[in-house]
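There are 2 protein chains.
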Amino acid sequence: MVSSKDVAKYAGVSQTTVSRVLNTPELVKKPTLEKVLKAIEALNYVPDANARSLVQQKTKTIALLSGPLHNPFFVDTTTAIVNYATEKGYKVNVQFVNDENLTEAYATAIGTKVDGIILSCILYDDPIFNRLQEMNIPFITYNRKHRNNEQFVEIDNFEAGYLSAKHVIEQQHTRLSWVGGPLTVSTFKHRYEGFLKACEDHQIELSDAYILQTDTSKKGCEDALAALLELEEKPTAICTGSDSIALNILDHATQIGAAVPDDISIVGIDNVELSQHGRIQLTTIGSISEHNLGLLAIERLIELIENKKNSCINITESVKVFSRSTTKKIKRR
Amino acid sequence: MVSSKDVAKYAGVSQTTVSRVLNTPELVKKPTLEKVLKAIEALNYVPDANARSLVQQKTKTIALLSGPLHNPFFVDTTTAIVNYATEKGYKVNVQFVNDENLTEAYATAIGTKVDGIILSCILYDDPIFNRLQEMNIPFITYNRKHRNNEQFVEIDNFEAGYLSAKHVIEQQHTRLSWVGGPLTVSTFKHRYEGFLKACEDHQIELSDAYILQTDTSKKGCEDALAALLELEEKPTAICTGSDSIALNILDHATQIGAAVPDDISIVGIDNVELSQHGRIQLTTIGSISEHNLGLLAIERLIELIENKKNSCINITESVKVFSRSTTKKIKRR
DNA sequence: CAGCAATATGAATACGTAGTCATTTTAGAG
DNA sequence: CTCTAAAATGACTACGTATTCATATTGCTG
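Given below as structure tokens:
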């Protein structure tokens, strides 16, 4: 591997000068500068980022702990995060986190001495949170948050859940179902609470059999739908905890011949890109901003890293209904 | 930041011993071992991965240069690659590459001294290829390949294109269109060649107006479809260069009221996860293996890194038709 | 051309780890 | 208890860079 010393020898200067050429070229005389640049070119020299990190104590690397990409929400956010960070000169270390590899994911993120951590996958009461805080590495959560979070970006989850129910209630639905995710997660918890409140406000009675908390997996969603369709009195509308869940249910409903929205209406939350697809046209609740949560979060994180501002970042984006074709005014009998 | 020296001082041993505890604990006496472990625990010590990389000349990091995630093919492969590499103890540096940031992407991949590079985005005749080879870093391409590639994993692109055309020809279609991507890319080039051969073998005449090479963007695909639908004699089947293109066309067709498959049939290539969705049900050509190309490639790459085997890896997976609901036997007039 | 400030360069060092080699300690044999 | 081989530990150095401080060179003023 060719080092700055090699370049120095080749150019007949000191290693220091080579370093200067790369970092503070204005401090080096033109002829010397060119000699060195030529040497760099000739030897195909590329500075070693690790060595640089070691001495500067900065890695120009960010750890991204994302949820899995089969959830289209994370497709959108990962794209935004990676692209923005790359553009700003940061490398992005990506891990897709699930329940099993969570703690290990944190460990490697910490051991790599990254400049910052951006993560979605955290529980509302997660013990790892304290360790993260002790590490004194800037970090921010998007989508989900922790009970004590100081830096996070989310949508107004309560309102999203509320609007979700309100939307189908306004379409005359009275038999509303909720298919959500684990209540240990802030998003699902608050969305569900919003859903409940809307039902309460509109005097909708909720059958216990209509309320399901899945593990959000494809299988889990399919089972949930199956359970609902087995009921004597089936719900006419399903409010879901996320677009991912909604898409899974929509998929399975179509496969087993349940017509959406004619037999049953489905509402998502998140307004992921995919929900707009002509064949999908999912009615959903999403941020009024066109910037997704990942982008908002990575912008803040990099600001945090570079300015060392320690101001609290609490962003809660307002939401609205995106009414598409998976919901329909119920036909009164 | 607490270093191994701090641990050494705390435990009353030398830094060497601390290092040994972490790397070759069998060479250290029990009591000493425990003293050190306690110190590590007490100080919350985490070894600095950068320093380790510097001295060992190994980073335990892999650079992934992927295409953008709005192409669902890369959703599948990125998931497989990141998860497999993570499981094997590698960090994955992800970049989503497009035409503009390509060279820069290579530069950072090289500057980080990664242990290996896995990439899809390379042109069939790409000058960067030589530089990669000179770097002497193990690298492998998946999906696309370079003319001189020695390590690659692909599907049988020619056969895929061939089967694509054959499938709709067998459904009595005679007015076949091809909407592909740039022919500078191996996949599109070979798929197109296969398509042409099938048409030739079955005496299908191709109108020039039916052959379109798009930039694969959403807009590009929409324009292509619009152009086709403006023709006096519209094609009855569109064979596309990839599922991504097919999905974009399907999206737009639905949005503008063109019925698929009743008005027009659409075939993709890649068999991405999303193509199976109940609402999509895209007929497509894909690998007979259930492992996606990303997984196959990352497995080989890590083998390459760890065994230094320099054997050529040329994998070309066989393909078959996945017949779903976007193609249909044409109604003879 | 002297003298001095400003500019340009280089030598030495630190960053945190792993590995080499030398040294000390331990265990076992006689 | 002595001697020797094996086991355990430590001092030192390299990795490739950026930075500090010292030194050399240049340019300018009078």
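Listed in order, the protein sequences are those of chains X and U.
In terms of my numbering, the first sequence is residues 1 to 333.
In terms of my numbering, the second sequence is residues 334 to 666.
A virtual CB, placed ideally from N, CA and C, is assigned to each residue, including glycine.
Proximity to H167 (chain X) across X:I313, X:D48, X:T240 and X:A105 peaks at X:T240, based on C-alpha coordinates. A straight-line Cα-Cα distance of about 13 Å links V447 (chain U) and P47 (chain X). Straight across, the Cα-Cα distance linking A570 (chain U) with E555 (chain U) is about 16 Å. Look at the region 523-550 of chain U: it has no residue with a C-beta under 8 Å from a C-beta of chain X. Neighbours of P68 (chain X) in chain U, taken as residues at a C-beta separation under 7 Å, are given in chain order as T412.
Put simply, the backbone Cα of I269 (chain X) is about 11 Å away from that of D156 (chain X).
Not flagged as an interface residue toward chain U: F139 (chain X), since no C-beta distance is shorter than 8 Å. Excluding sequence positions up to five before and after N101 (chain X), its CB lies within less than 8 Å of the CB of Q95, all in the same chain and listed in chain order. In the three-state scheme derived from DSSP, where H, G and I count as helix and E and B as strand, N307 (chain X) is classed as helix.
Look at the region 348-382 of chain U: the residues with a C-beta under 8 Å from a C-beta of chain X are N377, V379, P380, D381 and A382.
Around the beta-carbon of K145 (chain X), 16 or more other beta-carbon atoms lie within 10 Å, marking it buried. Excluding its 5 nearest sequence neighbours in each direction, I544 (chain U) has C-beta neighbours in its own chain below 7 Å: W511, listed in chain order. Taking C-beta separations shorter than 6 Å and ignoring five residues to either side along the sequence, the partners of A109 (chain X) in its chain run A63 and I117, following chain order.
Under the Cβ distance rule, G627 (chain U) does not count among the residues neighbouring chain X, no pair being separated by less than 8 Å.
Judged by DSSP in its simplified three-state form, T283 (chain X) adopts strand.
A Cβ of chain U is located within less than 8 Å of the beta carbon of L54 (chain X).
In the DSSP assignment, K530 (chain U) falls within the unbroken alpha helix (DSSP H) covering S519 to D534.
Between the region 157-165 of chain X and the region 311-324 of chain X, the count of C-beta pairs closer than 8 Å reaches three or more; the two stretches touch.
Setting aside the 5 residues that flank it on each side, I373 (chain U) is surrounded in the same chain by V340, each with a C-beta closer than 7 Å to its C-beta; the list follows chain order. C645 (chain U) places its beta carbon less than 8 Å from that of E483 (chain U).
Counting the other Cβ atoms within 10 Å of the Cβ of H291 (chain X) gives fewer than 16, which makes it exposed. Neighbourhood of I443 (chain U) in chain X, by CB distance below 8 Å: V46, in chain order. Within chain X, the residues H277, G278 and R279 have their CB atoms less than 9 Å from the CB of L583 (chain U), given in chain order. In this structure, DSSP gives C121 (chain X) a state outside helix and strand, which the three-state scheme calls coil. In the structure shown, the three-state DSSP call for Q546 (chain U) is strand.
Using a Cβ distance threshold of 8 Å, T659 (chain U) and S598 (chain U) count as a contacting pair. The secondary-structure analysis by DSSP pairs C645 (chain U) with nothing; it has no beta-bridge partner.
Under DSSP, N469 (chain U) forms no beta bridge with any residue.
Neighbours of E273 (chain X) in chain U, taken as residues whose beta carbon is under 8 Å from its own, are H403 in chain order. Interface flag for N482 (chain U) against chain X is unset, since no Cβ pair is found closer than 8 Å. For Q389 (chain U), the number of other beta carbons within 10 angstroms of its own is below 16, and it is reported as exposed. Using a Cβ-Cβ cut-off of 8 Å, V340 (chain U) does not count as an interface residue toward chain X, since no Cβ of chain X sits closer than that to its own.
The Cβ-Cβ distance between D541 (chain U) and P515 (chain U) does not fall below 8 Å. When DSSP states are grouped into helix, strand and coil, N44 (chain X) belongs to the coil group. Looking at U:P568, U:V335 and U:N463, the one whose alpha-carbon comes closest to that of A498 (chain U) is U:P568. Of the residues U:I414, U:E367 and U:R633, the one whose Cα lies closest to the Cα of N647 (chain U) is U:R633.
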